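Chemist:
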Amino acid sequence: MAMISADNRGLRLATRYAVLVLIALIFVFPLVFMVMSSLKPSQQLLEDSANLRAFLPVGDISFDNYTDAFRRAPVATFVFNSVLVTGVTVLLSLLICSAAGFAFVFVDWKGRNLLLAVLLATLILPFETIAIPMLLMVAHLPWIGMEGLTWGWLNSYRVQIIPFIADGLTVFLFVQYFKDLPGELIEAARVEGASWGQIYRRIVMPLSGPILATAAILKFLVMYNQYLWPLMVTQEEGYRPVMVGLQYFFQLNVAWGEVMAYLSLITVPVLAFYLYLQKAFIASIASTGVKG
Amino acid sequence: MTFMKMAASAAVLAWASAAQAQETLSMWYHGAGNEVELKLINEVISDFNASQSDWKVELQSFPQAAYNDSVVAGALAGNLPDILDVDGPNMPNWAWAGYMQPLPIDESKIASFLPGTKGIWDGKLYSIGLWDAAVALVTRQSTLDELGLRKPTVEQPWTRDEFMAALDAAKAAGKWEYPLDLGMAWTGEWYPYAFSPFLQSFGGDIVDRSTYKTAEGALNGDAALAFGEWWQGLFQNGYAQATQDPADRDGGFAAGKYAFSWNGNWAALGALAAFEDTVFLPPPDFGAGPKIGGASWQFGVSATSKHPEGAAAFIEFALQDKYLAAFSNGIGLIPATPTASEMVDNYKSGGPLAVFGEYSSKMALVRPVTPGYVVQAKVFEKALADIANGADVAATLDAAADEINADIEKNGGYGH
Amino acid sequence: MASKFTVSNRTGWLMAGPAILLIAGFVILPFFLAIGLSFTNQRLVSPNPTEFVGLSNYRQLLGVATVTLEPLRDDAGAVVMKDGEPEYPSIRSLTRNNPDRPDLAGMREWFSFSLGGEAKTFVLARDVVFMKAVVNTFIFVIVVAPVQAGLALGLALLINQRLRGINVFRAIYFMPVVVSIVVVSLLWRLIYDGQSGLLNNLLDAISFGLIPPVNWLGDPSTALGAIIAMSIWQAVGFQMVIWLSGLQTISPTLYEAAAIEGASKWQVFRYVTWPGLRNTAVLILIVITMQAFGLFAQIDVMTNGGPLDSTQTIVFQAVERGYGKQDISGGSAISVILFVIVLSISLIQRFLTREKS
């Protein structure tokens, strides 16, 4: 009897892992295809793409595509620009949108219901549809910097950062999350004389790990994948981000090997960011357990 | 010591005053990501900068696929360079919109240039190209021999019947996946550039060129309907594929998948490398004469440039035969002048690609010279893709003509 | 929450102010400009002065008409048949140069139906492509929203087990999300390839050659489905993570109580898990719907709206017109229409999922 049930447990466990692995294969195969292809010459890559060799490092394997990609385009500059713009935007966005979410959920003030409704309505607008009016706007905005007062934001980092710091979706994420935090906790703290700043910093933020991680990933993805906007506002190569850089590889005869190498390269920072966040993310979920 | 010091400070002074007198000219070019092309244009620029002390050209390059959007965005934001390059058929749109100004270059300097290289709008020269491009029907001599086909010539191109008989023969031979590679994978400008000459050879056109006020009759008249039926037949009867793998476009002919390939001179060297007996045949004559598209990238001066004379000086400098030849050697395009062609092994008389120059000078028709072309090209592309995929020919061409007419009307006739 | 301790106008404005200002300046203001443009004939590239044209852009997009036609009859009065179907007068003859019906000029057949009898009703639209784009977008949303949310919940439940190495699987399932949609679309274009694509070869191998190769993106009947499948594959991991954060905040004591009562797995899900996911469900549904209505990048990279308009979408049309065809006022009008559609849907959604108190 005991042996049978142990066997059963082993079998059940094996089935579970088999299911998990099968699903994992479905999610991971195009990425394996991408990385493996980046190691192959274009002609072989296209021949291999028709069969299982697409997933294997076989044939003429080298890092030539990577060196060629660096020769074709200033890849390092593009990645640096994207990481800088994305990083700064994510940080500012978390700060400003969480503060707004906090104000909308915990603080009673005149106009908050109306403003919240308006803010939520804005998360419907696809960026493409307001890009042209916005271009006309930023081309004439003032800025005070090293050279004093200047007009026009084109060819800068700020034009890629500032318009994207706050958005309806991020505020909405925080609002939905904060609603589930126990309101009595905040009220009690108020009664005991804690300032709003203290409550935000010491009580709410420490409980917000999961939502900070979610909002950060979402914003990161949007920013890192920007194409249309930087194309319109950066005429100088030095300010271009990775997705505009991708166009460098689509010449008349596409060098697919280099494309795959470039795609692999620009995907690395995103994966690293996610893996880093996942750790923080899970730790914070485990430590809170507030809801319920 | 004192002498040395004096010399040094004199040199510094001279340098400083030269730097002050020198004006910077900004220039945009579509070659980002293309190493060879960038090297060539940079050579022209550094030669120009070294040749005189009034102007200094500074280059900003853009990836080709994003170039037009960048220029439009730059213009909207009031941020155009002094010199820009422009795809030939786009020039009227930009000139009409006030992005560009007429190019002050003496006519005599460009008298010998191929017709497709001169961007003329409203009677004035706005842009000039160092090269032109041409398309030919690419095949192998051995294929012609095997199928028992007459080799067409400029004087006597294939008729429609001969062309279709050639496709039939190739199909019957069963040696190829498809008889004809049209390049359907290259969406975008390729469609109007490569396929509208077929329509024109049938006697139709994208828009009525006598007035440029309507597409009615040109794009949906009897000739256009005949073209549309023929075009749809190519796909329905298995002569060509309506959706094509981009890789097949790049390497399909070399891999022996197609008997004939409708392709440009920029791909010609690759075809020759694959098969020594590759031949570049003239386009078939569908009734109104054999036609291919003309005009490639050209240089012009932006309307906002404060130094049009400097910009023109640079463009004139770039028009030297040696640069025309260098570009041709580097990226395989047809040099704009006969004298420059003689400096290029591929294009000098008797050279393997010389026929392209001949087609370009004798059969090239520029795409409709109108600011509305940008929209018309899009409408035409969609109509051809839809017809290839089986849409009703008459209804599709009618709708395309209506859309073009509505656009012309919305734009107050585009200044014609 | 409203007590004298929580009221503070100064704090509210101070903390929400920066976000409100930024959104007002960089979202709402440009959108009002876009609304303004939609009532003009503004072009992206043009020297002509801008004119106010009223609702003309909207009429052009939304104009619809119906005509009911009797089949053609020959001299003997018998119905003319063509390919086994009665033949009707051509729509072309009605809409082009027809002095009797100037209102139909420029319209095209959208679809037709017959309510019994020989007469057939033809629905004509002034802009058939836009109508198809609206229909495709709705199909996309209606399929993607429930399927993606459901699959994501399934994955979240699956990944919420205590198993060694489960974090690795979680990371893998999430991976497609972190890869740009443009990159993903490029990869899948190769995978879906009609001739030598990986998918066709895979199906061929699995079925021992019984499944013939399909031109996934080149066939009007499969193109939208192929894009739907890829979109779900790409984004499902993100919703999985949101579900997961919802799942992990359900108190373990509730599960223990259910176990003591001897509840079945389904009962546990129905009475413990699902009620605990309420807010999460609302969030996920709204986010998916919004994102699905914005469908653009996949289309731009993979099909350009074709073949035969089978993958046209609203945002793709807005961009194609505004930028490609330089008709910025027409593109703006499409944006405004989209805004109105999505706003009404989200109001309905909110009404249906309102907390009943």
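Chains as they are written, first to last, in this note's numbering: chain A, 1 to 292; chain B, 1001 to 1416; chain C, 2001 to 2357.
Every residue, glycine too, gets a C-beta built ideally from N, C-alpha and C.
This structure is a prediction, so every number in the text was calculated from the model and none was measured.
#1: Give the list of continuous beta strand (DSSP E) stretches no shorter than 3 residues that lie fully inside the segment 2203 to 2255 of chain C.
#2: For the alpha helix (DSSP H) that Gln1376 of chain B lies in, which residues bound it at each end?
#3: Within a Cβ cutoff of 6 Å, which residues of the same chain sit near Phe1286 of chain B, ignoring the five residues on either side of it in sequence?
#4: Give me, in chain order, the residues of the same chain whose beta-carbon lies closer than 8 Å to that of Gln176 of chain A; leave out the 5 immediate sequence neighbours on both sides.
#5: Take Ala1325 of chain B as the anchor and find which of B:Glu1342, B:Asn1034, B:Glu1309 and B:Ala1312 has the nearest alpha-carbon.
#6: With a threshold of 16 other CB atoms inside 10 Å of the CB of Asp1145 of chain B, please say whether the residue is buried or exposed.
#7: Show which residues of chain E have a CB atom less than 9 Å away from the CB atom of Val254 of chain A.
#8: Which ranges does the alpha helix (DSSP H) cover as unbroken runs of at least 4 residues, wholly within the segment 102 to 162 of chain A, from first to last along the chain?
#9: Whole alpha helix (DSSP H) runs in the segment 2007 to 2084 of chain C with 4 or more residues, listed along the chain?
#10: Who are the near neighbours of Val1044 of chain B in its chain, counting only those whose CB is closer than 7 Å to its CB and skipping five residues on each side?
#11: Going by DSSP, what residue range makes up the alpha helix (DSSP H) through Ser2332 of chain C?
#12: Answer yes if the segment 106 to 124 of chain A comes into contact with the segment 172 to 190 of chain A, meaning at least three C-beta pairs across the two stretches below 8 Å, and no otherwise.
#13: Tell me the residue span of the beta strand (DSSP E) that contains Tyr1029 of chain B.
#14: Beta-carbon within less than 6 Å of Ala2125 of chain C's beta-carbon, same chain only, minus the 5 sequence neighbours each way: which residues are those?
#15: Does any residue of chain A have a CB that is nearer than 8 Å to the CB of Asp1181 of chain B?
#16: Between which two residues does the beta strand (DSSP E) holding Asp1085 of chain B run?
#17: Taking the beta carbon of Met2302 of chain C as the centre, do at least 16 other beta carbons fall within 10 Å, making it buried, or is it exposed?
#18: For the segment 186 to 219 of chain A, which residues have a CB atom closer than 9 Å to at least one CB atom of chain B, in sequence order?
#19: If we cut at 8 Å on Cβ distances, does Phe102 of chain A have a partner in chain C?
#20: Return the chain-ordered list of same chain residues with a C-beta closer than 7 Å to the C-beta of Trp1094 of chain B, the five sequence neighbours on each side being excluded.
#21: Using the Cα positions of Phe293 of chain A and Leu39 of chain A, report the straight-line distance between them to the nearest angstrom.
#22: Roughly how many angstroms separate the alpha carbons of Trp1131 of chain B and Tyr1191 of chain B, rounded to a whole number?
#23: Taking the DSSP output, what are the residues bridged to Ser1061 of chain B?
#24: Please compile the residues from chain B whose C-beta is within a distance smaller than 7 Å of the C-beta of Arg2096 of chain C.
#25: Using a Cβ-Cβ cut-off of less than 7 Å, list which residues of the segment 2030 to 2051 of chain C approach chain B; keep chain order.
#26: Rounded to the nearest angstrom, what separates Val2342 of chain C and Met2290 of chain C at their Cα positions?
#27: For Asn1079 of chain B and Pro2047 of chain C, what's the separation of their Cα atoms in angstroms?
#28: So with Cβ pairs under 8 Å, would you call Tyr2192 of chain C a contact of chain B?
#29: Are any of the Cβ atoms in chain C nearer than 8 Å to that of Gln235 of chain A?
#30: Interface residues of chain C around Asp180 of chain A at Cβ under 8 Å?
#31: Just verifying my parser: in three-state terms, what is the DSSP assignment at Phe249 of chain A?
#32: Give the residues of chain C in contact with Tyr157 of chain A, contact being defined as C-beta atoms less than 7 Å apart.
#33: Where Phe2361 of chain C and Val88 of chain A are concerned, what is the direct C-alpha to C-alpha distance, given to the nearest angstrom?
#34: Would the beta-carbon of Arg72 of chain A fall within 8 Å of that of Glu1035 of chain B?
#35: Using a C-beta cutoff of 8 Å, does Thr1187 of chain B count as contacting chain C?
#36: If distances are taken between C-alpha atoms only, which option among C:Gln2349, C:Leu2203 and C:Glu2051 comes closest to Ile2211 of chain C?
Modeler: According to the data block:
#1: As far as the segment 2203 to 2255 of chain C is concerned, it has no whole beta strand (DSSP E) run of at least 3 residues.
#2: Against the second sequence, residue 1376 of chain B aligns to sequence position 376. Looking at the DSSP string, the run of the alpha helix (DSSP H) that includes Gln1376 of chain B is Tyr1373 to Ala1388.
#3: Reading the second sequence from its first residue, position 286 is the one you call residue 1286 of chain B. The beta carbon of Phe1286 of chain B sits closer than 6 Å to the beta carbons of Arg1160, Ser1201 and Phe1202 from its chain, once the five residues preceding and following it are set aside; these are given in chain order.
#4: Counted from its first residue, the first sequence places residue 176 of chain A at position 176. Non-local beta-carbon contacts of Gln176 of chain A in its own chain, meaning distances under 8 Å to residues more than five positions away in sequence, are absent.
#5: Here residue 1325 of chain B refers to the residue found at position 325 when the second sequence is read from its first residue. Selected option, being the one with the closest Cα: B:Glu1342.
#6: As a first step, residue 1145 of chain B must be located in the second sequence, where it is residue number 145. Exposed: under 16 other Cβ atoms inside 10 Å.
#7: In summary, chain E is missing from the structure at hand, where the protein chains are A, B and C.
#8: Entirely contained in the segment 102 to 162 of chain A, the alpha helix (DSSP H) runs reaching 4 residues are, in chain order, 112 to 122, 131 to 138 and 158 to 161.
#9: Annotation note: the segment 2007 to 2084 of chain C contains the following uninterrupted alpha helix (DSSP H) runs of length 4 or greater, listed N- to C-terminal: 2009 to 2023, 2029 to 2037 and 2056 to 2062.
#10: Position 44 of the second sequence, counted from the start, is the residue given in the question as residue 1044 of chain B. When the five nearest sequence neighbours on each side are left out, the beta carbons in the same chain lying within less than 7 Å of the beta carbon of Val1044 of chain B are those of Ala1318 and Tyr1323, in order along the chain.
#11: Against the third sequence, residue 2332 of chain C aligns to sequence position 332. From DSSP, the alpha helix (DSSP H) with Ser2332 of chain C extends over Ile2328 to Leu2352.
#12: Yes, the segment 172 to 190 of chain A touches the segment 106 to 124 of chain A.
#13: As a first step, residue 1029 of chain B must be located in the second sequence, where it is residue number 29. For Tyr1029 of chain B, the enclosing beta strand (DSSP E) begins and ends at Glu1023 to Tyr1029.
#14: By 1-based counting over the third sequence, the position of residue 2125 of chain C is 125. Closer than 6 Å at Cβ, skipping near neighbours: Val2064, Trp2110 and Met2131.
#15: Along the second sequence, read from residue 1 onward, the residue named residue 1181 of chain B stands at position 181. No, no contact with chain A.
#16: The sequence position of residue 1085 of chain B within the second sequence is 85, counting from 1. Boundaries of the beta strand (DSSP E) harbouring Asp1085 of chain B: Ile1083 to Asp1087, taken from the DSSP string.
#17: Your numbering for residue 2302 of chain C matches position 302 in the third sequence. Counting the other CB atoms within 10 Å of its CB gives Met2302 of chain C a total of 16 or more, which places it among the buried residues.
#18: Correct list: empty, as no residue qualifies.
#19: Residue 102 of chain A sits at position 102 when you count from the first residue of the first sequence. Taking Cβ atoms only, chain C reaches closer than 8 Å to Phe102 of chain A, which makes this a yes.
#20: The sequence position of residue 1094 of chain B within the second sequence is 94, counting from 1. Cβ within range, chain order: Val1086 and Met1100.
#21: Coverage of chain A is limited to positions 1 through 292, which leaves residue 293 of chain A absent and any answer about it impossible.
#22: Mapped onto the second sequence, residue 1131 of chain B falls at position 131. Mapped onto the second sequence, residue 1191 of chain B falls at position 191. So the two alpha carbons sit approximately 21 Å from each other.
#23: Within the second sequence, the letter at position 61 stands for residue 1061 of chain B. Its beta-bridge partners are B:Tyr1029.
#24: To locate residue 2096 of chain C, count along the third sequence from 1; it is residue 96. The CB of Arg2096 of chain C comes closer than 7 Å to the CB of Asp1398 in chain B, given here in chain order.
#25: Cβ contacts with chain B: Asn2041, Arg2043, Leu2044, Val2045, Ser2046, Pro2047 and Asn2048.
#26: Position 342 of the third sequence, counting from 1, holds the residue named residue 2342 of chain C. Position 290 of the third sequence, counting from 1, holds the residue named residue 2290 of chain C. So the two alpha carbons sit approximately 7 Å from each other.
#27: Position 79 of the second sequence, counted from the first residue, corresponds to residue 1079 of chain B. Position 47 of the third sequence, counted from the first residue, corresponds to residue 2047 of chain C. Near 17 Å, if we compare the C-alpha coordinates of Pro2047 of chain C and Asn1079 of chain B.
#28: The count along the third sequence starts at 1 and reaches residue 2192 of chain C at position 192. Chain B contact via Cβ: absent.
#29: The residue you call residue 235 of chain A lines up with position 235 of the first sequence. Among the residues facing chain C, Gln235 of chain A is not included, as its CB has no counterpart in that chain under 8 Å away.
#30: One-based indexing of the first sequence puts residue 180 of chain A at position 180. The contacting residues are Thr2249 and Asn2279.
#31: As a position in the first sequence, residue 249 of chain A is number 249, starting the count at 1. Helix.
#32: Taking the first residue of the first sequence as position 1, residue 157 of chain A is located at position 157. Ordered by position in chain C, no residue passes the 7 Å Cβ test against Tyr157 of chain A, which lies about 16 Å from the chain.
#33: Residue 2361 of chain C lies beyond the residue range present for chain C, which begins at 2001 and ends at 2357; the question has no answer from this structure.
#34: The residue you call residue 72 of chain A lines up with position 72 of the first sequence. The residue you call residue 1035 of chain B lines up with position 35 of the second sequence. Contact: yes.
#35: The residue given as residue 1187 of chain B occupies position 187 in the second sequence. Against chain C, the CB of Thr1187 of chain B has a partner CB under 8 Å away; the residue lies at that interface.
#36: Your numbering for residue 2211 of chain C matches position 211 in the third sequence. Ile2211 of chain C has its Cα closest to that of C:Leu2203, out of C:Gln2349, C:Leu2203 and C:Glu2051.
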